[in-house]
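Engineer: Once you've had a glance at the structure underneath, I'll fire off some questions.
Structure representation (structure tokens):
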């Protein structure tokens with residue numbers, strides 16, 4: 342095995358024994374603090390250029406994992422290394438370059454855009470932070486390229502979020518995530534709120550982008566059929582712990598943990614549709 | 207036939223012009239049956255259900271025409287007062303996001319009691335009825351949970367409370383507008399099972415509005431597929447799902463991700479080719 346091979350084999354993201362604990366103040370007179378253990382010691386690796394699925398019910402801690410990678414959740418213990426570099430102990434200033442490399446797309450595209458900004462300003466915002474050397478014209482050119490890549494008309498630039506449908510808004514969020522040329526994108530339920538027809542378009546778009554740019558995804562979702570379609574590997578979470586992980590093929594064919602079995606059983610079987618082929 | 211809708215048209219009028227949301231559709235609903243109205247967002251399915259009980263903005267902002275006959279009376283001819291007797295009592299609704307449908311300042315028991323007090327003056331012990339309704343929709347320890355505020359409950363429990371409120375008035379028709387879209391798969395399965403059970407027990411008709419074919423396949427007797435304000439295909443659920451005739455229905459069913467399908471890419475709806483076939 343040569344050195345280059347080793348480089349490909351090394352995981353892009355490695356999470357070791359991650360614990361996230363939220364503090365909650367309880368009681369009105371005798372105040373005391375209770376701790377909510379959202380993530381209780383979770384370890385996994387994501388290989389470069391692949392898509393890792395993260396499934397579980399709401400409250401299982403799957404979004405918290407995504408957030409803690411970006412320091413949006415308080416990490417209590419464990420370590421996160423990105424491309425061989427330990428990032429959880431970095432200072433905020435030293436972490437800045439990783440904010441450029443790691444981007445995120447959320448579930449509700451409308452809630453994650455400022456309604457008073459034009460699409461051009463929304464998509465260009467990461468560039469203002471991460472590519473300060475760019476001139477305004479360069480930025481606008483980049484925005485136009487990105488909008489074309491995600492399949493939006495060029496005149497979208499001067500319009501506002503409310504003038505777009507849900508699927509188009511999600512395309513805008515994808516364009517914004519791509520603007521800083523990231524290597525890793527956390528997709529937090531990013532197709533859950535969309536209709537089947539629009540969902541299919543967005544899933545295909547994410548795959549096209551991966552094929553073209555080699556981006557790695559952490560795909561957080563509760564729709565198991567979509568996860569099977571887009572992910573090579575998946576993690577199943579229950580109550581803050583990973584109960585099962587492995588290649589999606591094996592995981593879906595013979596789920597070992599009762600929770601995974603329960604989750605798979607709950608998926609509507611669609612006997613008539615599937616039966617008709 | 208319980209409800210017969212004939213040539214329903216809904217249009218919204220604004221400064222920017224006229225938007226014809228529903229363009230003359232007809233469908234009917236049998237006693238104790240479930241009709242699923244499927245279609246993507248913007249196809250007019252929610253507007254159709256809201257037009258039935260005048261939940262839309264008043265004229266001249268929104269115009270509704272056509273006929274919707276329930277118990278021999280056209281719903282669109284009713285006065286505001288008569289319509290209030292239909293809402294809740296004959297046609298009740300549950301919506302997608304249970305969190306936004308409940309008032310955060312009142313306990314859930316209080317909100318169920320409100321519906322009972324308004325629509326059923328003959329109930330002697332309202333609180334006992336509240337508890338029995340919560341029990342009916344499968345909430346454990348109903349006496350205790352009735353005193354909870356909405357924020358103390360999970361999404362699935364809040365949706366159960368919404369169903370309890372809808373059932374409080376013993377409606378003939380329950381309109382479920384995307385009842386499980388905001389819920390997890392396991393909770394979705396529970397809510398669908400609950401609706402199935404209640405449908406048989408109370409002999410209630412259901413209009414299920416959704417874009418989720420999984421629950422349609424499990425639950426609906428009849429289907430109407432809506433696209434851009436028109437019903438492009440309708441019929442018994444089994445035949446529509448197994449042998450869709452209209453190109454839009456075919457395309458829509460194709461693009462559902464199916465477990466074990468092993469496709470490289472998901473098929474998408476080709477809207478350009480649909481223009482060619484008269485939709």
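Chains as they are written, first to last, in the numbering used here: chain A, 342 to 618; chain B, 207 to 485.
All C-beta atoms, glycine included, are put in the ideal place defined by N, C-alpha and C.
Given the structure is predicted, the values throughout are model-derived calculations rather than measurements.
Can you find the residues in the same chain that come closer than 6 angstroms, C-beta to C-beta, to residue 498 of chain A, ignoring five residues on each side of it along the sequence?
Structural biologist: So the qualifying residues of the chain are 460, 461.
Engineer: Excluding sequence positions up to five away, which residues of its chain have a Cβ less than 7 angstroms from the Cβ of residue 509 of chain A?
Structural biologist: 493.
Engineer: Can you tell me the Cβ-Cβ gap for residue 353 of chain A and residue 589 of chain A, rounded? I've got them flagged as a contact below 8 angstroms.
Structural biologist: Contact doesn't hold; Cβ gap of about 18 angstroms is too wide.
Engineer: Taking C-beta to C-beta, are residue 471 of chain B and residue 548 of chain A nearer than 8 angstroms?
Structural biologist: In contact: residue 471 of chain B and residue 548 of chain A (Cβ atoms closer than 8 angstroms).
Engineer: Tell me whether residue 398 of chain A is buried or exposed, calling it buried when 16 or more other Cβ atoms sit within 10 Å of its Cβ.
Structural biologist: Under this definition residue 398 of chain A is a buried residue.
Engineer: Measure from the C-beta of residue 603 of chain A to each C-beta in chain B and report whether the shortest distance is under 8 angstroms.
Structural biologist: Output row for residue 603 of chain A: interface = yes.
Engineer: Report the neighbours of residue 392 of chain B on chain A: residues whose CB is nearer than 8 angstroms to its CB, in chain order.
Structural biologist: Under the 8 angstroms cutoff, chain A gives 398, 603, 604, 607.
Engineer: Give me, in chain order, the residues of the same chain whose beta-carbon lies closer than 6 angstroms to that of residue 234 of chain B; leave out the 5 immediate sequence neighbours on both sides.
Structural biologist: Cβ within range, chain order: 207, 210.
Engineer: Who are the near neighbours of residue 539 of chain A in its chain, counting only those whose CB is closer than 7 angstroms to its CB and skipping five residues on each side?
Structural biologist: Only 507, 508 meet the Cβ criterion.
Engineer: Is the stretch 522–542 of chain A close to the stretch 366–373 of chain A, with three or more CB pairs under 8 angstroms?
Structural biologist: Contact between the stretch 522–542 of chain A and the stretch 366–373 of chain A is absent, because fewer than three Cβ pairs lie under 8 angstroms.
Engineer: Is DSSP giving residue 582 of chain A helix, strand or coil here?
Structural biologist: Residue 582 of chain A: strand per DSSP, three-state reduction.
Engineer: I need the DSSP call for residue 503 of chain A, collapsed to helix, strand or coil.
Structural biologist: Looking at residue 503 of chain A - three-state DSSP - the assignment turns out to be helix.
Engineer: Entirely within the stretch 411–485 of chain B and at least 4 residues each: give me those alpha helix (DSSP H) ranges in chain order.
Structural biologist: Runs of the alpha helix (DSSP H) inside the stretch 411–485 of chain B: 419–425, 443–448, 453–460, 477–481.
Engineer: Quick one: Cα of residue 388 of chain B to Cα of residue 379 of chain A, how far?
Structural biologist: Residue 388 of chain B and residue 379 of chain A: Cα-Cα distance of roughly 21 angstroms.
Engineer: Quick check on residue 448 of chain A: does DSSP put it in helix, strand or coil?
Structural biologist: Coil.
Engineer: Under 8 angstroms between C-beta atoms, does residue 419 of chain B make it to chain A?
Structural biologist: Yes, residue 419 of chain B counts as interfacial toward chain A.
Engineer: The alpha helix (DSSP H) spanning residue 351 of chain B covers which residue range?
Structural biologist: Unbroken alpha helix (DSSP H) run through residue 351 of chain B: 348–351.
Engineer: Within the same chain, show all residues whose beta-carbon is closer than 6 angstroms to that of residue 481 of chain B, passing over the 5 residues directly before and after it, in chain order.
Structural biologist: Cβ within range, chain order: n/a, list empty.
Engineer: For a cutoff of 8 angstroms on Cβ pairs, would you count residue 364 of chain B as touching chain A?
Structural biologist: Taking Cβ atoms only, chain A never reaches closer than 8 angstroms to residue 364 of chain B, which makes this a no.
Engineer: Mind listing the chain A neighbours of residue 471 of chain B? Cutoff is C-beta to C-beta under 8 angstroms, in chain order.
Structural biologist: Here the neighbours are 545, 548.
Engineer: Counting C-beta neighbours from all protein chains within 10 Å, is the total for residue 559 of chain A 16 or more, i.e. buried, or is it exposed?
Structural biologist: Counting Cβ neighbours within 10 Å, residue 559 of chain A comes out buried, since at least 16 surround it.
Engineer: Would you say residue 523 of chain A and residue 441 of chain A are within 8 angstroms of each other, going by their C-beta atoms?
Structural biologist: Taking 8 angstroms as the Cβ cut-off, residue 523 of chain A and residue 441 of chain A qualify as a contacting pair.
Engineer: Go ahead and pull the three-state DSSP assignment for residue 419 of chain A.
Structural biologist: It is a strand residue.
Engineer: Classify residue 370 of chain A as buried or exposed, calling it buried when 16 or more other Cβ atoms lie within 10 Å of its own Cβ.
Structural biologist: Exposed, because fewer than 16 other Cβ atoms sit within 10 Å of the Cβ of residue 370 of chain A.
Engineer: Among B:287, B:451, B:437, B:459, which residue has its Cα nearest to the Cα of residue 249 of chain B?
Structural biologist: Ranking B:287, B:451, B:437, B:459 by Cα distance to residue 249 of chain B puts B:437 first.
Engineer: Starting from residue 607 of chain A, trace the alpha helix (DSSP H) both ways and give me its first and last residue.
Structural biologist: It spans 599–607 - the alpha helix (DSSP H) in which residue 607 of chain A sits, taken as one unbroken run.
Engineer: Please go through the same chain and pick out, in chain order, the residues whose beta-carbon is closer than 6 angstroms to the beta-carbon of residue 508 of chain B, but skip the five residues on each side of it.
Structural biologist: Any question about residue 508 of chain B goes unanswered here, given that chain B covers just 207 to 485.
Engineer: Please compile the residues from chain B whose C-beta is within a distance smaller than 8 angstroms of the C-beta of residue 614 of chain A.
Structural biologist: The contacting residues are 419, 423, 447, 448, 459, 462, 464.
Engineer: The alpha helix (DSSP H) that contains residue 546 of chain A, what's its start and end?
Structural biologist: 537–554 is the extent of the alpha helix (DSSP H) around residue 546 of chain A.
Engineer: Please classify residue 601 of chain A as buried or exposed, where buried requires at least 16 other C-beta atoms within 10 Å of its C-beta.
Structural biologist: Residue 601 of chain A is buried by the Cβ-count criterion.
Engineer: Can you tell me which of the three DSSP states residue 305 of chain B falls into?
Structural biologist: Of the three classes helix, strand and coil, the one that applies to residue 305 of chain B here is helix, per DSSP.
Engineer: Distance check for residue 563 of chain A and residue 608 of chain A, CA to CA, integer angstroms please.
Structural biologist: So the alpha carbons of these two residues sit roughly 10 angstroms apart.
Engineer: Can you pull the chain A neighbours of residue 248 of chain B, defined as C-beta to C-beta under 8 angstroms?
Structural biologist: Neighbours of residue 248 of chain B on chain A, chain order: 506.
Engineer: Taking all protein chains shown into account, do 16 or more other C-beta atoms lie within 10 angstroms of the C-beta of residue 224 of chain B, making it buried, or fewer, making it exposed?
Structural biologist: Result: exposed.
Engineer: Output, in chain order, the set of chain A residues within a Cβ distance shorter than 8 angstroms of residue 444 of chain B.
Structural biologist: Within chain A, the residues near residue 444 of chain B are 613.
Engineer: If you pair each beta-carbon of the stretch 408–423 of chain B with each one of the stretch 235–245 of chain B, do three or more pairs fall below 8 angstroms?
Structural biologist: With a cut-off of 8 angstroms, the stretch 235–245 of chain B and the stretch 408–423 of chain B count as touching, because enough Cβ pairs lie within range.
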